[in-house]
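Trainee: Right, I'll just put the structure down here and ask away after.
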Amino acid sequence: MIAADQVLTGRDALLAATGHHPYVRHALRRDQAVRGWRREGTVGWLLPPGESSAGGAVGAPGPALDAFADLWADGTLRPGQSVNLPRATAAEVAARLPVARTGEWDFLWATDPPARQPGQERVVRLTGADHPALAALVEEAYPGTTSRPGDPGIVDWYGIRDGERLIACGADRSRGDIGFLAGLAVAPGDRGRGLGAALTAGMTRALVARYDQVALGVYTVNVGAIRLYRRLGFTGTAPRTTVYLA
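Using this note's numbering, you'd call the opening residue of the sequence shown number 5 and step up by one each time.
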C-alpha cells in the first residue's frame, strides 16, 4: 500500500495533477481505467494489465521510487515488469527496488512543425504491402527496436524510397492525445545524406496536423540523434529512467 498525500482516480485527475504534462498525455490512453497518487509533489500511476509498462511517474525521483518500492513490497509489482520514472541514479534505484537492468532515455516533444528539410517531400505513408520490405530494413538498420511490422501499437508506417528500394522508415506510435514517432531507421549504406532529418520532419509535419504536440523517445547515449531532434524543434525534455524489475 502506498503512503500517498492524495489518491487520484482516472486519466483526467492525473492530467490535472501534472498540469497536462506531455509525457502523461502520451503514457495514459483515453480509454484506460488508471489509478494514481500524489506524494510529496510527485505524481505516479499504475496501468492496467497487458501494458508494456506497469506504471510511471513524473516529478522528483525520490518520492517516485519510494512509492514503487511500497508497491513492490506489497506484491503489486512483480519480477519481469518495468516502470518508467523520472531520471534517477543507479544507486537511488538499487536502494529501493530489485533491478534486472535500467535504461536511460529522454522523452522529447515539439509543439510546432519543424523547418522544412531537404527531401521531406519524399516521406510517404506505407501500406501492408510494404511490410516485407519494412521488416528487412528494420532488421538491417535497427535490429534492437521494439517497433516492427504487425505490432498492434503502431498506427501507421512512413518511409522514403529510392526507386523501388525502401531506404528509411519510421513508426507512428501515437497514443493518448500526443503524436509519437518511433523506430526511426535509415539503411546503413544511405546514412549521411540527410534522410534522418527528412524522415523526422516529414513524419512530424504529418502528425502535427492531427495533434497539438508530437513526441519521441531517444536513448541518452545517442548524442547525434538528440542533436538532430533538438534542431528540428523537439526542445521539450523529460529525462526518464526505465527500471526492469528482477
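Glycine included, every Cβ here is placed at the ideal spot set by N, Cα and C.
Among residues of its own chain, excluding the 5 on either side of A37, which ones have a beta-carbon nearer than 8 Å to its beta-carbon?
Mentor: Here the set comprises G14 and P52.
Trainee: How far does the beta strand (DSSP E) with I171 in it extend, from its first residue to its last?
Mentor: Its beta strand (DSSP E) spans residues R169 to D176.
Trainee: Can you tell me which of the three DSSP states Y27 falls into?
Mentor: Three-state DSSP puts Y27 in a helix.
Trainee: Entirely within the stretch 107 to 182 and at least 4 residues each: give me those alpha helix (DSSP H) ranges in chain order.
Mentor: For the stretch 107 to 182, whole alpha helix (DSSP H) runs of length 4 or above, ordered along the chain, are 135 to 145.
Trainee: On the three-pair Cβ rule with 8 Å, is the stretch 52 to 69 touching the stretch 79 to 95?
Mentor: Flag = yes, the stretch 52 to 69 and the stretch 79 to 95 touch.
Trainee: Is it the case that the Cβ atoms of R126 and A202 are separated by a distance below 8 Å?
Mentor: Yes, the Cβ-Cβ distance between R126 and A202 is below 8 Å.
Trainee: Considering just the uninterrupted stretch of the beta strand (DSSP E) at Y215, what are its terminal residues?
Mentor: Counting along the chain, Y215 falls outside any beta strand (DSSP E), and DSSP gives it neither H nor E.
Trainee: Where P122 and G198 are concerned, what is the direct C-alpha to C-alpha distance, given to the nearest angstrom?
Mentor: If I take the Cα positions, the gap works out to 7 Å.
Trainee: What are the boundary residues of the beta strand (DSSP E) that includes G40?
Mentor: Run containing G40: R39 to R43, per the beta strand (DSSP E) assignment.
Trainee: When you compare each of D116, G163 and L81 to R100 by their alpha carbons, which one comes out closest?
Mentor: Nearest C-alpha to R100: L81.
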